[in-house]
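Visitor:
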Amino acid sequence: MPSELIDKLRLELRRGSLTIAVLAQLRSEHYGYTLRKALAELGLEIDEGTLYPLLRRLESQGLLTSEWREEDKREKRFYRLSAEGRTILKQLLDEWRALNGALDNIV
Amino acid sequence: MSTLVEHYLLQLRTLLPAKQRDDIAAELRESITSTVEERERELGRALNDDEVNEVLRGFGHPLIVAGRYLPMQQLIGPDVFPLYWYVMQAVLIVITIIAGLLMGVALLTAPNGSQAAIQVAVSFGWIALQVAAVVTLGFASLDYCKARFSFLERFDARHLSAGVLGVRGSPLSAIPRSDTVFEIATTAILLFWWVEWLVFPSTWLGVQLRLSPAIEQFFYPVLALCIVELVRLGVDLVRPYRTVPRVALRLVLNLAWLAVFVLAYRTGGLVEIAEVIRSSDPERALRIAQTSMSVTLFVLAGICAILAATDVVRLVRR
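Those sequence lines, one after another, are chains A and B. Residue 162 is where the first sequence starts when you use this note's numbering, and the numbers rise one by one after that. Residue 2 is where the second sequence starts when you use this note's numbering, and the numbers rise one by one after that.
#1: State yes or no: is the C-beta of B:Val-136 within less than 7 Å of the C-beta of B:Val-88?
#2: Which two residues bound the contiguous beta strand (DSSP E) that contains A:Trp-229?
#3: What residues are listed by DSSP as bridge partners for A:Phe-239?
#4: For B:Phe-262, which residues of its own chain have a beta-carbon under 6 Å away from its beta-carbon, when the five flanking residues on both sides are left out?
#5: DSSP three-state call for A:Leu-314: helix, strand or coil?
#6: For the stretch 40-98 of chain B, which segments carrying the alpha helix (DSSP H) assignment without a break, of at least 4 residues, lie completely within its bounds, in sequence order?
#7: Quick one: does A:Glu-245 have its CB under 7 Å from some CB of chain B?
#8: Closer than 7 Å, Cβ to any Cβ of chain A: which residues of the stretch 45-77 of chain B, in chain order?
#9: Using a Cβ cut-off of 9 Å, pull out every chain A residue sitting near B:Glu-43, in sequence order please.
#10: Expressed to the nearest angstrom, what Euclidean distance is found between the alpha-carbon atoms of A:Leu-224 and B:Val-239?
#11: Enumerate in chain order the residues of its own chain whose CB-to-CB distance from B:Leu-231 is below 6 Å, with the five nearest sequence positions on each side excluded.
#12: Just to make sure I have the definition right: I need the residues of chain B whose C-beta is within less than 7 Å of the C-beta of A:Lys-237. Which are they?
#13: If you follow the beta strand (DSSP E) that B:Gln-209 is in, where does it begin and where does it stop?
#14: Please compile the residues from chain B whose C-beta is within a distance smaller than 8 Å of the C-beta of A:Tyr-194.
#15: Starting from B:Ile-274, trace the alpha helix (DSSP H) both ways and give me its first and last residue.
#16: So, is B:Val-37 buried or exposed, given that buried needs 16 or more other C-beta atoms within 10 angstroms?
#17: Report yes or no: is there a C-beta of chain B within less than 7 Å of the C-beta of A:Gly-210?
#18: Kindly list the residues whose CB is nearer than 6 Å to the CB of A:Leu-219, restricted to its own chain and excluding five residues on each side of it in sequence; keep chain order.
#19: Rounding to the nearest angstrom, what Cα-Cα distance links B:Leu-256 and B:Cys-305 in this structure?
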């Protein structure tokens with residue numbers, strides 16, 4: 162039970178952070194596979210079954226743009242932060258820093 | 002491309018939203034291919050089925066992955082769910098208790114008791130399913146409206162108390178939610194029985210009974226009363242405090258029920274014999290059934306009169 166509980170709490174904690182991380186990483190263009198690798202190298206593991214639906218959702222919300230393009234003789238879908246996404250990311254980062262600061266004070 | 006990957010993508014495609022199916026499948030195919038190629042570079046050889054299977058397990062079961070692409074992620078959200086679950090459990094418990102009592106009556110009184118009890122159980126099973134569906138749809142609608150119109154977020158505490166009925170000298174008290182849920186369950190069961198969606202045991206001391214034609218004149222009034230009661234109780238559930246309009250409505254409804262019960266009582270012949278199964282004295286069975294129903298109506302009329310009197314006092318002393 163304690164391990165199930167910590168898994169559940171960890172999931173809740175990660176959920177919002179993943180969106181910020183994905184938006185921030187897409188300030189430069191990536192396709193799904195390289196985005197996942199880049200996040201993993203920076204210490205944030207995210208499984209494919211979560212990442213790809215998240216990318217679609219963020220795109221449908223207007224925060225990302227995407228296009229199919231050929232690279233290494235294969236068609237790949239490249240994602241990039243949109244102008245609206247840039248504005249939202251800035252607000253989210255301000256919120257996250259404020260929250261982080263408050264948490265630092267509390268704990 | 003491995004056959005395992007093709008099968009995985011095939012199953013995934015069938016579950017994806019039609020408009021995005023090709024696009025999503027192509028993107029996932031590319032990602033799976035990149036992952037497999039990377040593993041092959043690390044190992045210096047082609048992956049076997051077990052290793053490809055491990056890669057696909059990392060992506061997740063097709064059902065779960067496809068589900069994450071669907072626009073609707075939940076029927077009832079976390080804000081509304083606790084109340085939904087409370088109401089669902091309470092309503093089903095009440096139905097189970099009533100079904101248990103009626104099964105007991107069926108076992109003790111019907112000539113073929115076990116068969117009658119099974120009939121009641123099956124009938125109540127269907128009713129429980131229907132009630133569960135109605136409750137779920139109701140709360141799904143509430144959740145949709147909440148998300149669409151944000152009416153629960155835009156509340157004003159001053160409006161919450163507008164029109165709340167207080168009685169001088171008494172502290173304000175909420176309507177107990179358990180009372181409301183019990184009333185909803187009993188009214189729903191009465192309604193389902195009245196429109197013949199629910200079959201109660203109709204065999205009594207060896208005779209098959211049915212309601213007399215004189216009762217038919219009450220069909221639409223009782224139907225209307227049940228529906229209005231359910232609407233009133235639904236409001237009570239969401240806003241569990243008394244207001245002047247709602248107390249006045251309950252007063253009117255109780256007076257209407259009182260009138261129906263008194264008129265039904267005065268018809269005398271509430272039930273009649275449909276068929277004699279195995280009774281040496283069917284008239285005696287009919288008399289017992291008539292008396293039981295008359296007593297029930299008398300008690301119900303008394304309860305309505307007391308509730309109506311209580312509401313009059315509330316309105317006068319506010």
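Just so it is clear, CB atoms sit at the ideal spot from N, CA and C, and this is done for glycine as well. Given the structure is predicted, the values throughout are model-derived calculations rather than measurements.
Guide: Based on what the coordinates show:
#1: yes
#2: Looking at the DSSP string, the run of the beta strand (DSSP E) that includes A:Trp-229 is 225-232.
#3: A:Tyr-192 and A:Glu-228
#4: Leu-298, Leu-301 and Ala-302
#5: Chain A is shown from 162 up to 268; residue 314 of chain A falls before or after that span and cannot be answered.
#6: 50-60 and 63-70
#7: no
#8: Gly-59, Phe-60, Gly-61, Ile-65, Val-66, Arg-69 and Tyr-70
#9: Residues of chain A with a Cβ closer than 9 Å to the Cβ of B:Glu-43 do not exist; the shortest Cβ-Cβ separation is about 13 Å.
#10: 37 Å
#11: Thr-188
#12: Glu-31
#13: 208-212
#14: Glu-31, Ser-32, Ser-35 and Thr-36
#15: No alpha helix (DSSP H) holds B:Ile-274; the beta strand (DSSP E) holding it covers 272-277.
#16: buried
#17: yes
#18: Leu-225
#19: 7 Å
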